[in-house]
Amino acid sequence: MTQIDRTMSLVRQAVDERISQAIAERRDEWSDAGPAAAELLDAAADLLRGGKRMRAVLAAIALTATADGARREDALSGRACAGLGAALELYQASALIHDDVIDAALTRRGLPAAHRRFANSHRGSHWLGDAEAHGRSAAILLGDLLLSAAGSELGAALAQCPQGPRAAARAAFDAMTEEVALGQYLDVRAESLPLPDEGADHAAAGRAMEEAALAVVLRKSARYSVMRPLLIGALLGGLPPRGEGARRLAELGEATGIAFQLRDDELGVFGDPAHTGKPAGDDLREGKRTVLLALAWQRCGPGGRAVLRRVLANARADAAEIAAAAAIIEECGARAAHEERIDEHAERARRALGALITAEAGLSQSAAADLASVISLLTDRSA
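Heads up: take any position in the sequence shown, counting from 1, add 529, and you land on this note's numbering.
Okay, structure coming up:
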């Protein structure tokens with residue numbers, strides 16, 4: 530077992546146990562609520578059984594960054610890392626549920642999305658009213674419940690740490706949740722904007738589309754997926770918020786997060802659904818204005834743009850139309866250019882790690898090795 534595998538195993542086991550405990554505590558507390566509480570908590574438990582726990586792992590690596598050896602292993606599976614990781618995973622589940630409602634997604638992690646699960650239950654039970662509306666309402670409420678639970682877990686995790694760094698860590702967590710909401714709206718808004726007219730300067734339009742797409746990547750995903758968990762953990766571990774170490778860690782996290790999301794966008798078009806857990810081409814059907822789409826818009830001709838126009842924001846686009854759009858993106862060189870962007874951001878993350886190691890932030894050798902492994906894991910993946 531490699532070092533990063535050991536780190537991930539310790540953190541995942543501790544976080545899984547804490548999440549299970551959190552759900553069990555609410556089952557006990559709400560035992561008088563009848564089947565309704567069980568319906569919500571069963572859906573939460575099923576969703577939370579999936580996922581790679583990477584935000585929890587990142588936070589734990591940063592929280593224990595100055596420790597080494599047995600002391601570090603004990604801390605990785607300790608109450609502070611477990612609680613902070615559970616808070617991040619509960620928040621992510623909340624955001625995923627709401628995101629799936631917004632996108633009218635069918636699946637999540639290989640299972641029916643929460644709103645589909647609740648709609649199917651309504652329909653199968655022959656309840657009154659509209660099943661789809663019930664499903665959306667129930668999913669929104671489940672997302673709210675998990676957001677609240679994340680706050681509770683964060684409070685418990687902070688209580689395990691010294692008083693001094695708690696405020697900075699709490700502020701970083703709050704900044705994350707607020708920024709994701711802004712990023713979600715930027716994404717929703719971008720999907721609603723009309724595509725450039727065929728008579729427009731398509732190179733310029735594509736560059737503007739790329740700039741707007743990168744703004745969404747930063748605020749909706751990159752910082753929340755990597756940078757914020759790292760900073761929250763590091764700040765809770767006592768890293769000075771305005772020091773060189775925090776600046777370099779933020780650079781590492783942001784660059785890795787961008788590369789991570791760009792890879793996710795590439796998998797959204799070219800990935801294997803058996804690995805990704807969602808249908809190929811859904812980003813195109815939902816009209817997502819990704820960097821990959823922007824690069825294709827800059828490079829393909831009128832015929833290629835016509836193919837893209839037919840599938841973008843078209844929920845009825847069939848597999849053949851999606852395959853044709855993917856072929857255009859590949860053949861015009863956009864996919865290769867997109868891969869270069871991923872490599873550039875991954876390399877920027879590695880340079881930031883090198884600067885962090887020399888910044889006298891007290892980074893242990895094992896934490897530095899874990900961060901190097903994480904950069905590769907998040908940017909070179911198939912799911």
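In this text, a Cβ means the ideal position worked out from N, Cα and C, and glycines have one as well.
Partner residues in the beta bridge of L640, as assigned by DSSP, are R637.
Within the same chain, Cβ atoms closer than 7 Å to the Cβ of A642 are found at D629, A634, L635 and T636, the five residues on either side in sequence being excluded. Segment contact: the segment 786-801 against the segment 763-773, fewer than three CB-CB distances shorter than 8 Å; contact not assigned. When only Cα atoms are considered, A737 and A698 end up about 35 Å apart. E554 places its beta carbon 8 Å or farther from that of G580. If the five residues before and after A679 are omitted, its C-beta is found closer than 6 Å to the C-beta atoms of A616, L619 and Y620, all from its own chain and listed in chain order.
The three-state secondary structure of C829, taken from DSSP, is coil. A direct Cα-to-Cα measurement between V755 and A734 gives close to 30 Å. Here C610 carries a helix assignment [DSSP, helix/strand/coil]. Counted as a single uninterrupted DSSP element, the alpha helix (DSSP H) harbouring D673 occupies residues A660 to L687. Taking the C-beta atoms as reference points, A788 is found no nearer than 8 Å to A865. Sequence-distant Cβ neighbours of G614 in its own chain, meaning closer than 8 Å and more than five residues away, are V540, A543, V544, R547, R582, R584, A585, V586, A588 and A589. Counted as a single uninterrupted DSSP element, the stretch harbouring H655 is not any alpha helix (DSSP H), since DSSP gives it neither H nor E. A distance below 8 Å separates the beta carbons of G712 and R748. When only Cα atoms are considered, I871 and V820 end up about 11 Å apart.
Spanning the alpha carbons of L576 and P831 requires a straight line of approximately 42 Å. Taking 8 Å as the cut-off, the Cβ atoms of E850 and R839 count as close. The alpha helix (DSSP H) runs lying completely inside the segment 788-839 and spanning 4 residues or more are 802-805, 811-814 and 820-828, given in chain order.
Of the residues assessed, G684 falls on the exposed side of the cut-off, its CB having fewer than 16 other CB atoms within 10 angstroms. Around the Cβ of D899, a 10 Å sphere holds 16 or more other Cβ atoms; the residue is buried. With at least 16 other beta carbons inside 10 angstroms of its own, G762 counts as buried. As for any alpha helix (DSSP H) of minimum length 4 sitting wholly inside the segment 867-909, the runs are 894-908, ordered along the chain.
Proximity of the segment 556-572 to the segment 662-674 meets the contact definition, three or more beta-carbon pairs being nearer than 8 Å.
When the beta-carbon positions are compared, A599 and V709 stay at least 8 Å from each other.
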